[in-house]
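Chemist: I have a structure here, written as structure tokens, and I will follow up with some questions on it.
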Ligand SMILES: Nc1ncnc2c1ncn2[C@@H]1O[C@H](COP(=O)(O)OP(=O)(O)OP(=O)(O)O)[C@@H](O)[C@H]1O
Ligand SMILES: [Mg+2]
């Protein structure tokens, strides 16, 4: 099997706080993996290390065999790790389609000179971006909202736009940080379908953090449970649900 | 390029300003407006360039800077030095053009240095650092005997008249318009609301910040060269923080990142002190109030969203026209 992500002995300190310790994980092609655990366990911190926002104190992170440690945030994004945020972070002052176009930048580069002289390359790139963005929005059922301001989208649509924007990077690995947070049951159901569709259509591997256990158990093939910054258990949904320690630390009853 | 001009010809604001520029040019060629008003309109042209370029930095990119007068003074002094002392033997019709370009390029280079030095700073800190930069430039100029020092730099050719200022203003604004209405504009707007999310979308945000500083400083330099060759003399103390604040007020009043708004507020705020004698006395007070009022307003998410949506609606209607 082809290894997309390999993480080994990952750790980070914030001052005296050991937020993540000896974290490990492997994700293979087109897999959907869950990362769960109590509040403050270090899940988002793991995402922040995978995307270059935090520099780990130690450990290995490899994307398709290439280390991403010490790489710049934008370079990691271009290498193929895209993400959404726990608190939605859209470009609220831009339209829906322009949100996508920002993320399409690295695959449709043209220079300031092309802008100033409105060269063929400028028109070509702009046209390609428009087409590609609209195609992506159509897949995510956002095309009829393409020219709405992102800030004015309903909550559920904002979450989906954030996923669409991440997909615009054509990632190999998509990180979703609590995509169902704040959604009503109907929106959550839609989201489950969307995530499944994305996994199939884009052939992307997905790592998702989520507190909604229905969603996690429904979608994920494998789950890593994090507790106090350390891996408590790795296993299938069934194994996780029936694990004594996981129940005691997180799932309850 | 022609496609862009064609598109612009359907824009009533573009047609309106084009007519304004042509009418003013005819009026000044036929001497139908007095020298006094020609002077005011020339100042307006210079201020429009300053405001439009600062709008890139403080409006679109959202970086509060108070050093625009500093960039302008570099253009002014370098340009004046070139025409007056470096090539005194050349006719001004010839030496003005390299002076214009080189003045702007030197200002852009300093813009690069300032940007690089202040990359990690945001908000108030950036405002303070750029303010300090402006004052340092002023102090250097005050002590630079080569360009007259504190006494001022006299005897610069007064080559710039209203028609020339109009043409250079129009070209500068057009170039900045082309930049704003391209992927570059989209990206700096994105960075202004969420630096990290832009970075995570594959955007080298630092490079864009530096680019924007360089472009804004370049056009401030252009405005400076125009100013020097319109006034005929320069004094370092003109380019103090009050001037930077004045330009920033014009940007803020026009609505940060609002292209037309910036131009209109540059026109109004240049005319106001000229038309209302008493206004000059209260100028800084009024500016301070405008700044406070707009900042309060600008930080209200609901007001913000309302205006952005309105802008988007208007621009969409234009597309469909
Ligand atoms: N930049 C930082 N500086 C200091 N401490 C931090 C920083 N980021 C995270 N932490 C700490 O690291 C720990 C893990 O936080 P993290 O946000 O990763 O938790 P989480 O598992 O995502 O929780 P939640 O489910 O509430 O989102 C917390 O104790 C948090 O306070
Ligand atoms: Mg979290």
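Protein chains in written order, with this note's numbering: chain A, 691 to 943; chain B, 985 to 1305. Note that beta-carbon positions come from the ideal geometry of N, C-alpha and C, so glycine has one too.
1. Work out the CA separation of residue 859(A) and residue 873(A) for me, nearest whole Å.
2. I need the residues with a C-beta less than 5 Å from some heavy atom of ligand 1; please give them in chain order.
3. Using three-state DSSP, classify residue 972(A) as helix, strand or coil.
4. Would you say residue 899(A) touches ligand 2, meaning its beta carbon is less than 7 Å from a heavy atom?
5. What residue from 1263(B), 1245(B), 1211(B) and 1133(B) has the CA that sits closest to residue 1023(B)'s CA?
6. Run through chain A and tell me which residues come within less than 8 Å of residue 1168(B), C-beta to C-beta.
7. Consider the Cβ of residue 788(A): report whether some Cβ of chain B lies at a distance smaller than 8 Å.
8. Output yes if chain A places a C-beta closer than 8 Å to the C-beta of residue 1204(B); else output no.
9. Name the residue from 1249(B), 1213(B), 1222(B) and 1273(B) whose alpha carbon lies nearest to the alpha carbon of residue 1083(B).
10. Is the CB of residue 1186(B) under 8 Å away from at least one CB in chain A?
11. In whole angstroms, give me the CA-to-CA distance for residue 1122(B) and residue 1074(B).
12. By the three-class DSSP mapping on this structure, what secondary structure does residue 914(A) have?
13. Using the C-alpha atoms, what's the distance from residue 761(A) back to residue 770(A)?
14. Does ligand 2 have a heavy atom nearer than 7 Å to the CB of residue 902(A)?
15. State the Cα-Cα distance for the pair residue 985(B) and residue 997(B), rounded to the nearest angstrom.
16. Applying the criterion that 16 or more other CB atoms from any shown protein chain within 10 Å of the CB defines a buried residue, is residue 1155(B) buried or exposed?
17. Would you say residue 1133(B) and residue 1127(B) are within 8 Å of each other, going by their C-beta atoms?
18. On the DSSP bridge assignment, give the partners of residue 713(A) in chain order.
19. Counting only Cβ-Cβ distances shorter than 9 Å, please list the residues of the stretch 732-750 of chain A near chain B, keeping chain order.
20. Could you pull out every residue in the same chain whose Cβ sits closer than 6 Å to the Cβ of residue 941(A), ignoring the five residues on either side in sequence?
21. Quick one: does residue 860(A) have its CB under 8 Å from some CB of chain B?
22. Measuring from the CB of residue 1178(B), is there a heavy atom of ligand 2 at a distance below 7 Å?
23. Any idea what DSSP makes of residue 995(B), helix, strand or coil?
24. Across which residues does DSSP place residue 726(A) in a beta bridge pair?
25. In whole angstroms, give me the CA-to-CA distance for residue 1057(B) and residue 1091(B).
26. Assuming residue 737(A) contacts residue 773(A) (C-beta within less than 8 Å), just tell me the rounded distance between them.
27. In this structure, how does DSSP classify residue 933(A) when only helix, strand and coil are distinguished?
28. Kindly list the residues whose CB is nearer than 7 Å to the CB of residue 1258(B), restricted to its own chain and excluding five residues on each side of it in sequence; keep chain order.
29. By a C-beta neighbour count over all protein chains shown, 10 Å radius and 16 as the cutoff for buried, is residue 1187(B) buried or exposed?
30. Comparing alpha-carbon positions, which option in 1037(B), 1004(B) and 1000(B) lies nearest residue 1169(B)?
31. Taking 7 Å as the cut-off, is the beta-carbon of residue 776(A) closer than that to any non-hydrogen atom of ligand 2?
32. Are the beta-carbon atoms of residue 1174(B) and residue 792(A) separated by less than 8 Å?
33. Quick test of your reading: residue 1045(B) and residue 1231(B), contact by CB under 8 Å. State the CB separation rounded to the nearest angstrom.
34. Does residue 784(A) come within less than 8 Å of chain B when only Cβ atoms are used?
35. Determine whether the Cβ of residue 1174(B) lies closer than 8 Å to any Cβ atom of chain A.
36. Name, going along the chain, the residues of the stretch 707-731 of chain A whose beta-carbon falls closer than 7 Å to a beta-carbon of chain B.
Modeler: Let me spell this out:
1. Translated into the one-based positions of the first chain, residue 873(A) becomes position 183. Translated into the one-based positions of the first chain, residue 859(A) becomes position 169. Each residue's alpha carbon lies about 25 Å from the other.
2. 704(A), 709(A), 729(A), 730(A), 731(A), 732(A), 733(A), 734(A) and 735(A)
3. For residue 972(A) there is no data in the structure shown, the boundaries of chain A being 691 and 943.
4. By one-based count along the first chain, residue 899(A) stands at place 209. Within the cutoff, so yes.
5. Taking the second chain and counting its residues from 1, the one referred to as residue 1023(B) is at position 39. Minimum Cα distance to residue 1023(B) is reached at 1211(B).
6. The residue you call residue 1168(B) lines up with position 184 of the second chain. Within 8 Å Cβ-Cβ: 802 and 805.
7. Position 98 of the first chain, counted from the first residue, corresponds to residue 788(A). So, interface residue.
8. Within the second chain, the letter at position 220 stands for residue 1204(B). By this cut-off, residue 1204(B) is not an interface position.
9. Looking up residue 1083(B) in the second chain gives position 99. Comparing Cα positions, the closest option is 1213(B).
10. Taking the first residue of the second chain as position 1, residue 1186(B) is located at position 202. Residue 1186(B) counts as touching chain A.
11. The sequence position of residue 1122(B) within the second chain is 138, counting from 1. The sequence position of residue 1074(B) within the second chain is 90, counting from 1. Their Cα atoms are separated by approximately 29 Å.
12. Taking the first residue of the first chain as position 1, residue 914(A) is located at position 224. Strand.
13. As a first step, residue 770(A) must be located in the first chain, where it is residue number 80. As a first step, residue 761(A) must be located in the first chain, where it is residue number 71. Whole-angstrom Cα-Cα distance: 13 Å.
14. Reading the first chain from its first residue, position 212 is the one you call residue 902(A). Checking every heavy atom of ligand 2 against the Cβ of residue 902(A), none is found closer than 7 Å.
15. Translated into the one-based positions of the second chain, residue 985(B) becomes position 1. Translated into the one-based positions of the second chain, residue 997(B) becomes position 13. C-alpha separation (whole angstroms): 19 Å.
16. The residue you call residue 1155(B) lines up with position 171 of the second chain. The residue is exposed, with fewer than 16 neighbouring Cβ atoms inside 10 Å.
17. In the second chain, residue 1133(B) corresponds to position 149, counting from 1. In the second chain, residue 1127(B) corresponds to position 143, counting from 1. For residue 1133(B) and residue 1127(B), yes; Cβs fall inside 8 Å.
18. One-based indexing of the first chain puts residue 713(A) at position 23. According to DSSP, which records beta bridges pairwise, residue 713(A) is partnered with 700(A).
19. 741, 742 and 743
20. Taking the first residue of the first chain as 1, we reach residue 941(A) at position 251. If we look at residue 941(A) and ignore the five residues flanking it on each side, it has no Cβ neighbours.
21. Locating residue 860(A) in the first chain gives position 170, where the first residue counts as 1. Not closer than 8 Å to any Cβ of chain B, the Cβ of residue 860(A) fails to qualify, so no.
22. Taking the second chain and counting its residues from 1, the one referred to as residue 1178(B) is at position 194. No, Cβ of residue 1178(B) sits at least 7 Å from all heavy atoms of ligand 2.
23. Counting from one through the second chain, the residue named residue 995(B) turns up at place 11. Coil.
24. On the first chain, position 36 is the one that residue 726(A) refers to. Answer is 915(A), bridged to residue 726(A).
25. Sequence index remark: in the second chain, residue 1057(B) carries index 73 (1-based). Sequence index remark: in the second chain, residue 1091(B) carries index 107 (1-based). Answer to the nearest angstrom: the Cα atoms are 8 Å apart.
26. The count along the first chain starts at 1 and reaches residue 737(A) at position 47. The count along the first chain starts at 1 and reaches residue 773(A) at position 83. About 6 Å; that satisfies the 8 Å criterion.
27. The sequence position of residue 933(A) within the first chain is 243, counting from 1. Looking at residue 933(A) - three-state DSSP - the assignment turns out to be coil, as it is neither helix nor strand.
28. As a first step, residue 1258(B) is located in the second chain; it is residue number 274 there, counting from the start. Closer than 7 Å at the Cβ level, and outside the excluded window around residue 1258(B), lie 1024.
29. Against the second chain, residue 1187(B) aligns to sequence position 203. By the neighbour-count rule (16 or more Cβ atoms within 10 Å), residue 1187(B) is buried.
30. Against the second chain, residue 1169(B) aligns to sequence position 185. Checking every option, the nearest Cα to that of residue 1169(B) belongs to 1037(B).
31. Translated into the one-based positions of the first chain, residue 776(A) becomes position 86. Result yes, Cβ under 7 Å from ligand 2.
32. Taking the first residue of the second chain as 1, we reach residue 1174(B) at position 190. Taking the first residue of the first chain as 1, we reach residue 792(A) at position 102. Contact: yes.
33. Along the second chain, one-based indexing puts residue 1045(B) at 61. Along the second chain, one-based indexing puts residue 1231(B) at 247. 15 Å between Cβ atoms; not a contact.
34. Position 94 of the first chain, counting from 1, holds the residue named residue 784(A). Answer yes: the Cβ-Cβ gap between residue 784(A) and chain B drops below 8 Å somewhere.
35. Position 190 of the second chain holds residue 1174(B). Yes, because at least one Cβ of chain A sits closer than 8 Å to the Cβ of residue 1174(B).
36. none
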